[in-house]
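First up is the structure itself, then whatever we jot down about it.
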Amino acid sequence: MTKNQFTIITLFPNAFNDFMQTSIIKRAITKKQISIDIIDIRNFANNKHQQVDDAPYGGGNGMVLQAMPVINAINSVKLKYPEAKTILLSPQGQQWNQQLAYKYNQKNINYILVCGHYEGIDERIMSYIDEEISIGDYVLTGGELPAMVIIDCITRLIPNVIQHQSHLNDSFNNSLLDYPTYTRPEEVLGMKVPEVLIGGHHEKIAEYRHQQALINTYKKRIDLFKKYQLSAKDKIIIEEYKSSLKKNKRKEK
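Residue numbers (this note's numbering): 417 to 669.
This is the structure:
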């Protein structure tokens, strides 16, 4: 029995072909850790041309996704999964993050992902939506890419899909970005792997990686850094880093 069932309601079912046949997602489907069903909204059109969009009332540019084809598609899934949570992928929704991924994975329920398109959807569809999710403050052509992002994010957290320690060390799990990583060879174009990573001293490696995660977050995402509860030792690390920056600036002058 699969842990997570995703049903995607979309105008472009072929957009998911490669996604379902690649890497972690393919392995999770093969092992029955997840299952993904794709529903074409056009199959629920009530006209011979399978048209599911129309001009907006009141005028304006673009086309609006009609209510009934989407509602009928949602209801068809609800017959099989009555408790399924219905999510609309929309730039107006709550912003997706790692904490939400954990929340959704822990619930262990079925998800209906509705991919919006065109200039928007008929507002009456919202009566059938449990939650709106956005993957960022920008506008995409449709909800297909956000649906893939959410499925990928949740799937990584399912036990035995990837090594447990791997996702524990991922960026954003504790308000810190990941530490820098290296692989062979030890030197590339004069740039060497830090000596501490070659020495094999696991405690020193762990300390180094934590230090670098702190610095990396301070440099790149000060908003995340401010959320992190610094220990006394962490504060010393950051003060030393700031001092090194000032010294380098003086040298440049």
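Don't be surprised by glycine CBs; every beta carbon is placed ideally from N, CA and C.
Keep in mind that this is a model prediction, so the values were computed, not measured.
For residue i, which residues from the same chain have a beta carbon less than 7 Å from its beta carbon, with the 5 sequence-adjacent residues on both sides left out?
i	result
Ile-551	Trp-512, Pro-562 and Val-565
Val-612	Lys-620, Ile-621 and Tyr-624
Tyr-544	Ile-487, Ile-490 and Thr-502
Ile-457	Ile-425, Thr-426, Leu-427, Val-468, Pro-485, Val-486 and Ala-489
Ala-461	Gln-467, Val-468 and Pro-485
Ala-517	Cys-569, Ile-570 and Leu-573
Under 6 Å Cβ to Cβ from residue i, same chain only, skipping five residues before and after it: list those, please.
i	result
Tyr-520	Ile-570
Val-609	Tyr-598 and Glu-602
Ala-648	none
Gln-449	Lys-419, Ile-574 and Val-577
Ile-537	Leu-481
Pro-429	Ile-454 and Asp-456
Ala-483	Asp-538, Arg-540 and Ile-541
Can you give me the Cβ contacts of residue i inside the same chain, cut-off strictly under 8 Å, excluding the 5 residues immediately before and after it?
i	result
Ile-578	Ile-440 and Arg-572
Glu-535	Pro-472, Gly-476, Asn-477, Gly-478, Met-479 and Val-480
Gln-508	Glu-548 and Ser-550
Leu-495	none
Cys-531	Ile-424, Ile-425, Thr-426, Leu-427, Phe-428, Leu-505, Gly-558, Gly-559, Glu-560, Pro-562 and Ala-563
Tyr-409	With the chain running from 417 to 669 in the structure shown, residue 409 is simply not present.
Taking the beta strand (DSSP E) that residue i belongs to, which residues open and close that run?
i	result
Asp-453	450-456
What are the boundary residues of the alpha helix (DSSP H) that residue i is part of?
i	result
Thr-633	618-636
Asn-675	Residue 675 falls outside the range modelled here, since the chain spans only 417 to 669, and no answer is possible.
Asn-664	648-668
Across which residues does DSSP place residue i in a beta bridge pair?
i	result
Met-607	Val-604
Asn-420	Ile-450
Asp-469	Leu-481
Ile-425	Ile-455 and Val-530
Is residue i a contact residue of the ligand SAH, with contact defined as CB to any heavy atom under 7 Å?
i	result
Asp-546	The ligand content of the structure shown is nil, which means the ligand SAH is not present either.
Open item on the list: If contact is defined by three or more beta carbon pairs under 8 Å, each pair taking one atom from either stretch, is the region 431-451 in contact with the region 496-505?
Closed with: no
- [ ] Please specify which runs of the alpha helix (DSSP H), each continuous and at least 4 residues long, are wholly inside the region 549-605, giving them in chain order.
- [x] 560-573 and 580-584
TODO: Report yes or no: do three or more beta-carbon pairs, one from the region 452-472 and one from the region 419-428, lie closer than 8 Å?
DONE: yes
Open item on the list: My parser needs the beta strand (DSSP E) runs of 3 or more residues fully inside the region 473-559; what are they?
Closed with: 501-511, 527-531 and 547-550
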